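Novice: Quick note, the sequences are listed as chains A and B, same order. Okay, so the first sequence: first residue is 703 according to the numbering used here, each after it adds one. Okay, so the second sequence: first residue is 703 according to the numbering used here, each after it adds one.
Number of protein chains: 2
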Amino acid sequence: MNMAEQKMDETKAAGAAAEWIDGETKVLEAPGDHGAELRLWLRLLTCSTLVETEVRRRLREEFDSTLPRFDLMAQLERASDGMVLGEVSKRMMVSPGNITVLVERLAESGHISRTTSPTDRRVQIIALTPFGRAEFEKMAAAHAGWIADLFGRLSTKDGAVLLDELAKLKRSIVGSLGKAGKPA
Amino acid sequence: MNMAEQKMDETKAAGAAAEWIDGETKVLEAPGDHGAELRLWLRLLTCSTLVETEVRRRLREEFDSTLPRFDLMAQLERASDGMVLGEVSKRMMVSPGNITVLVERLAESGHISRTTSPTDRRVQIIALTPFGRAEFEKMAAAHAGWIADLFGRLSTKDGAVLLDELAKLKRSIVGSLGKAGKPA
DNA sequence: ACGAATAATTTTAAGCTTGAAGTTTTTCGA
DNA sequence: TCGAAAAACTTCAAGCTTAAAATTATTCGT
Chain A
703 MNMAEQKMDE TKAAGAAAEW IDGETKVLEA PGDHGAELRL WLRLLTCSTL VETEVRRRLR
763 EEFDSTLPRF DLMAQLERAS DGMVLGEVSK RMMVSPGNIT VLVERLAESG HISRTTSPTD
823 RRVQIIALTP FGRAEFEKMA AAHAGWIADL FGRLSTKDGA VLLDELAKLK RSIVGSLGKA
883 GKPA
Chain B
703 MNMAEQKMDE TKAAGAAAEW IDGETKVLEA PGDHGAELRL WLRLLTCSTL VETEVRRRLR
763 EEFDSTLPRF DLMAQLERAS DGMVLGEVSK RMMVSPGNIT VLVERLAESG HISRTTSPTD
823 RRVQIIALTP FGRAEFEKMA AAHAGWIADL FGRLSTKDGA VLLDELAKLK RSIVGSLGKA
883 GKPA
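#1: If I follow the unbroken alpha helix (DSSP H) through residue 846(B), where does it start and stop?
#2: Can a CB atom of chain B be found closer than 7 Å to the CB of residue 739(A)?
#3: Take residue 793(B) and list the residues in its own chain whose beta-carbon comes closer than 6 Å to its own, dropping the five residues that flank it on each side.
#4: Would residue 861(B) and residue 740(A) qualify as a contact pair, given that the criterion is a beta-carbon distance under 7 Å?
#5: In terms of DSSP beta bridges, what is residue 826(B) paired with?
#6: Along the chain, where does the alpha helix (DSSP H) containing residue 781(B) start, and where does it finish?
#7: Output yes or no for whether 7 Å exceeds the beta carbon distance between residue 810(A) and residue 863(B).
#8: Please compile the residues from chain B whose C-beta is within a distance smaller than 7 Å of the C-beta of residue 851(A).
#9: Taking only beta-carbon atoms, is residue 795(B) less than 7 Å away from chain A?
#10: What first and last residue would you give for the alpha helix (DSSP H) that runs through residue 803(A)?
#11: Here's a check: name, in chain order, each residue in its chain whose Cβ is nearer than 8 Å to the Cβ of residue 730(B), leaving out the five neighbours to either side.
#12: Three or more C-beta pairs under 8 Å: does that hold for the region 822–831 of chain A against the region 771–790 of chain A?
#13: Would you call residue 724(B) buried or exposed, if buried means 16 or more other Cβ atoms sit within 10 Å of its Cβ?
#14: So residue 745(B) packs on residue 850(A), CB below 8 Å; how close in whole Å?
#15: Quick one: residues in its chain with C-beta nearer than 8 Å to the C-beta of residue 818(A), no 5 flanking neighbours on either side, listed in chain order?
#16: In three-state terms, what does DSSP make of residue 969(A)?
#17: Can you round the beta-carbon distance between residue 762(A) and residue 755(A) to whole angstroms, since I take them to be within the 8 Å contact cut?
#18: Which chain B residues are close to residue 860(A), counting only those with a beta carbon under 7 Å from its beta carbon?
#19: Could you name the residues of the same chain whose beta carbon sits closer than 8 Å to that of residue 812(B), not counting the 5 residues immediately before and after it, in chain order?
#20: Would DSSP call residue 768(A) helix, strand or coil?
#21: My output table needs one value for residue 856(B): the three-state DSSP class, helix, strand or coil.
#22: Taking Cβ positions only, does residue 742(A) come closer than 7 Å to chain B?
#23: Note down, in chain order, every chain A residue with its Cβ under 8 Å from the Cβ of residue 736(B).
#24: Here's a check: name, in chain order, each residue in its chain whose Cβ is nearer than 6 Å to the Cβ of residue 765(B), leaving out the five neighbours to either side.
#25: Please list, in chain order, the chain B residues whose beta carbon lies closer than 8 Å to that of residue 863(A).
#26: Beta carbon of residue 782(A), beta carbon of residue 853(B): below 7 Å?
#27: Return the residue from the list 775(A), 760(A), 877(A) that minimises the CA-CA distance to residue 838(A).
#28: Whose CA, out of 877(B), 872(B), 758(B), 760(B), lies closest to the CA of residue 750(A)?
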């Protein structure tokens, strides 16, 4: 079976509404001697994109929500005293401007509250409302089930090995980013 | 060192322009017994987000380009006879409507050409122009170097183990998606 | 006391993305 | 032959995302 056929077979196995074609094979023509890293990167990206796309689809269909909103609520779930926008931005790894709009929408829908800090009028403090917390708990339970299902065919041993190897990869990435800039 | 301190230490190691705070620890409160899968998912997501964000930043700063444009050009790079929009959409794992706009922009900038199929007037065929191909080769070479650098602290053995474990994870994901829908 | 520097968020313009509806074309079955 | 169904792409509304500029507030040094 040639590569194109193998690729199409994998596509057929996927039940997602929109058919997708696996892009990992384009790495073959990578310049120089970087085939191994590129292949690793594409596979990492393919895995995370598949999961993310499916999670987004289910959040929309089952809860009429979005992944960024879910993520923001997850940040607030453990912060019973609320959180400032700057910290939310850092934890979600997105720009402050994006947080402003996300917060606006969640405030409008009643999921979170926002107040100005009593000690610094530049600072906004946001927190889940009781309604928001209840909604989040339902989404979080469903989300955990989806992830368990998607990852469920992986053996416990393979899962542990993968977790450990991803930790090493993460240290490589963070280390590389660190050397390019100066520590915070 | 408590968890918050450990988290801050990792943040300090990162040299990205915007400070980020590692979100992996929020998994601790996962409902039920799904902590392991959620932890794995968050780490996978953190790794791919870190790399993607850095690649986007460098493409913008060094080539005044974007990741979707680079990705589209990568699809076309091996298709010397061009490619139809529907296949591009599948390979890039994005909706057809998005491809329409991306193609429009790359055509305007002279990187790709678009023609109507001689045999089916619904179908558009796009291909890299000579200019586009030259630009892509420069970006691809740089991109490969960036990925090699980001992944470079991972040993060859660890890289091979990770690639293999990600293949297993991918099969779990694809298998799970498959059972939820019907094959294409 | 006061002006400059810094900080936190908001606003802006530009780009990407989705799903659904719309348009045009081709295919298919009666 | 012809109308319905399907296909390929485009358009649309809504949401997300970035970096940079703008606004408001606080801090700091003289």
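We put the beta carbon where it would ideally sit given N, CA and C, even for glycine. Note that the structure is a prediction, hence the values are computed from the model and not measured.
Specialist: According to the structure shown:
#1: One-based indexing of the second sequence puts residue 846(B) at position 144. Looking at the DSSP string, the run of the alpha helix (DSSP H) that includes residue 846(B) is 832–853.
#2: Here residue 739(A) refers to the residue found at position 37 of the first sequence. Answer yes: the Cβ-Cβ gap between residue 739(A) and chain B drops below 7 Å somewhere.
#3: Translated into positions along the second sequence, residue 793(B) becomes position 91. Closer than 6 Å at the Cβ level, and outside the excluded window around residue 793(B), lie 777.
#4: As a position in the second sequence, residue 861(B) is number 159, starting the count at 1. As a position in the first sequence, residue 740(A) is number 38, starting the count at 1. Not in contact: residue 861(B) and residue 740(A) (Cβ atoms no closer than 7 Å).
#5: Here residue 826(B) refers to the residue found at position 124 when the second sequence is read from its first residue. Beta-bridge pairing links residue 826(B) to 818(B).
#6: Taking the first residue of the second sequence as 1, we reach residue 781(B) at position 79. Judged by DSSP secondary structure, residue 781(B) falls outside any alpha helix (DSSP H); it is assigned neither H nor E.
#7: For the purposes of this step, residue 810(A) is taken as the residue at position 108 of the first sequence. For the purposes of this step, residue 863(B) is taken as the residue at position 161 of the second sequence. Going by C-beta atoms, residue 810(A) is not nearer than 7 Å to residue 863(B).
#8: To locate residue 851(A), count along the first sequence from 1; it is residue 149. Ordered by position in chain B, the residues that pass the 7 Å Cβ test against residue 851(A) are 878.
#9: Along the second sequence, one-based indexing puts residue 795(B) at 93. Yes, because at least one Cβ of chain A sits closer than 7 Å to the Cβ of residue 795(B).
#10: Within the first sequence, numbered from 1, the residue matching residue 803(A) stands at position 101. Unbroken alpha helix (DSSP H) run through residue 803(A): 798–810.
#11: As a position in the second sequence, residue 730(B) is number 28, starting the count at 1. Unreliable positioning characterises residue 730(B) in this predicted model, as indicated by a pLDDT of 48, which lies under 50. The coordinate reading is nonetheless provided below. Excluding sequence positions up to five before and after residue 730(B), its CB lies within less than 8 Å of the CB of 737, all in the same chain and listed in chain order.
#12: Using a C-beta cut-off of 8 Å, the region 822–831 of chain A makes contact with the region 771–790 of chain A, since at least three inter-stretch Cβ pairs fall below that distance.
#13: Taking the second sequence and counting its residues from 1, the one referred to as residue 724(B) is at position 22. When all chains shown are included, residue 724(B) counts as buried.
#14: Counting from 1 along the second sequence, the entry for residue 745(B) is found at position 43. Counting from 1 along the first sequence, the entry for residue 850(A) is found at position 148. About 16 Å separates the CB atoms of residue 745(B) and residue 850(A); that is not less than 8 Å, and the two are not in contact.
#15: Here the question's residue 818(A) lines up with position 116 in the first sequence. 825, 826, 827.
#16: With chain A covering 703 to 886 only, the question about residue 969(A) has no answer from this structure.
#17: Working through the first sequence from its first residue, we reach residue 762(A) at position 60. Working through the first sequence from its first residue, we reach residue 755(A) at position 53. So it is not a contact: roughly 11 Å between Cβ atoms.
#18: What you label residue 860(A) is simply residue 158 of the first sequence in a count that begins at 1. In chain order: 867, 870.
#19: Counted from its first residue, the second sequence places residue 812(B) at position 110. Once the five neighbours on either side are set aside, the close Cβ partners of residue 812(B) are 831, 833, 834.
#20: Your numbering for residue 768(A) matches position 66 in the first sequence. Three-state result, residue 768(A): coil.
#21: Indexing the second sequence from 1 puts residue 856(B) at position 154. Coil.
#22: The residue you call residue 742(A) lines up with position 40 of the first sequence. Using a CB distance cut-off of 7 Å, residue 742(A) counts as an interface residue toward chain B.
#23: In the second sequence, residue 736(B) corresponds to position 34, counting from 1. Within 8 Å of the CB of residue 736(B), the CB atoms of chain A belong to 846, 847, 849, 850, in sequence order along the chain.
#24: The residue labelled residue 765(B) in the question sits at position 63 within the second sequence. Counting only Cβ-Cβ distances below 6 Å, and skipping sequence neighbours, we find 841.
#25: In the first sequence, the residue the question calls residue 863(A) occupies position 161. The contact set of residue 863(A) on chain B, defined by CB atoms closer than 8 Å, consists of 863, 867 in chain order.
#26: What you label residue 782(A) is simply residue 80 of the first sequence in a count that begins at 1. What you label residue 853(B) is simply residue 151 of the second sequence in a count that begins at 1. Cβ atoms of residue 782(A) and residue 853(B): not closer than 7 Å.
#27: Position 136 of the first sequence, counting from 1, holds the residue named residue 838(A). Put simply, of 775(A), 760(A), 877(A) the residue whose alpha carbon is nearest the alpha carbon of residue 838(A) is 775(A).
#28: In the first sequence, counting from the first residue as 1, residue 750(A) sits at position 48. Residue 872(B) is the option with its Cα nearest to residue 750(A).
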